[in-house]
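Novice:
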Amino acid sequence: GRRAIKEFGVDTLLLDDGFQQWRIKKDLEIVTIDCRYPLGNGYLIPRGILRQPISTLSRAHIFAITKTNLYPVALDLIQTLRKINPSALIINTAHEPLGFYQIGQGDSPLLTPDSLKGERVGLFSGIGDPDSFERLVAKLGLEIGFYFSFPDHHNFSPRDIEDIVALARDKKITTLLTTQKDAMRLRGITLPLRTLVLCIRLKITKNEEEFYQRLHSLYRI
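Spelled out as structure tokens, the structure:
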């Protein structure tokens, strides 16, 4: 961080998993909360999914509830967050599909989200929440012929690709679909079938104006 400030003149540092870094003073603490599994069973890893006790949420300035277009937001979650941290801003966000691009051609114009509507596709991914990817694709009106789900952060091997392609051909599927995260790990790998990447963005669907007001206040805009 000091090097970035000194050598590149930056005035803002963004930290991934920065909420866990107690020794670093931060001007704004944003905590993302998965709408489907918001607080898990209340226990820390490995007994649960939490990285810190729920009580530490009292330090947060903003709670961003994710995937609200895929799962309902539980009222008791909002009540719990309000009880722990009454002053924090709560925003809702959605994973909004922007379109598709041919793998390896990320700079090309996107195919529209409706361009594959009704088409039968095969899915494959190595992400932490494969069910949400499947649900998002289904909401686009695509027929899912199969879903090859690998563990999170999976590095695809030639054998993996052979298995995916073999299953697709067995089911007479000519289009494969994967995520942007997985596309990064498929660099240098040739897929013999049409393979598209679903491009998404995080869209704020509730309290967007208040969110940007909080950001602007840091810069006195």
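Residue numbers 1378 to 1598, in this note's numbering, belong to the letters of the sequence shown in order.
Here a beta-carbon is modelled for each residue, glycine too, at the ideal position from N, C-alpha and C.
Beta strand (DSSP E) containing GLU1473: first to last residue?
Specialist: It spans 1466-1479 - the beta strand (DSSP E) in which GLU1473 sits, taken as one unbroken run.
Novice: Where GLY1522 and SER1492 are concerned, what is the direct C-alpha to C-alpha distance, given to the nearest angstrom?
Specialist: Their Cα atoms are separated by approximately 17 angstroms.
Novice: My output table needs one value for THR1567: the three-state DSSP class, helix, strand or coil.
Specialist: Residue state, collapsed to three classes: coil.
Novice: Report whether the distance from the Cβ of GLY1522 to the nearest heavy atom of the ligand COA is below 8 angstroms.
Specialist: Absence of the ligand COA is noted for the structure shown, with no ligands found whatsoever.
Novice: Taking ARG1546 as the reference, which of PRO1569, ARG1413, ILE1431 has the closest Cα?
Specialist: Minimum Cα distance to ARG1546 is reached at PRO1569.
Novice: Going by the DSSP bridge assignment, what does ALA1560 pair with across the sheet?
Specialist: None; ALA1560 has no bridge partner.
Novice: For LEU1500 and PRO1528, what's the separation of their Cα atoms in angstroms?
Specialist: About 14 angstroms.
Novice: Near TYR1524, what residues of its chain come up, given a Cβ to Cβ distance below 6 angstroms and the 5 sequence neighbours on each side ignored?
Specialist: Cβ within range, chain order: LEU1500, GLU1511.
Novice: Going by Cα to Cα distance, which pick from ILE1541, ASN1462, VAL1514, HIS1472 is closest to ARG1578?
Specialist: Nearest C-alpha to ARG1578: HIS1472.
Novice: Could you tell me whether the Cβ atoms of ILE1455 and ILE1468 are closer together than 9 angstroms?
Specialist: For ILE1455 and ILE1468, no; Cβs fall outside 9 angstroms.
Novice: Ends of the alpha helix (DSSP H) at THR1457?
Specialist: Note, THR1457: alpha helix (DSSP H), 1452-1461.
Novice: Relative to the C-alpha of ASN1584, which candidate in ARG1428, ILE1439, ARG1424, VAL1408 has its C-alpha closest?
Specialist: With distances taken between Cα atoms, ASN1584 lies closest to ILE1439.
Novice: By alpha-carbon positions, which one of SER1432, THR1470, ILE1538, GLY1476 ends up nearest to ASN1462?
Specialist: Looking at the Cα atoms, SER1432 is the closest of the given residues.
Novice: PHE1588 and LEU1563: beta carbons closer than 9 angstroms?
Specialist: Going by C-beta atoms, PHE1588 is not nearer than 9 angstroms to LEU1563.
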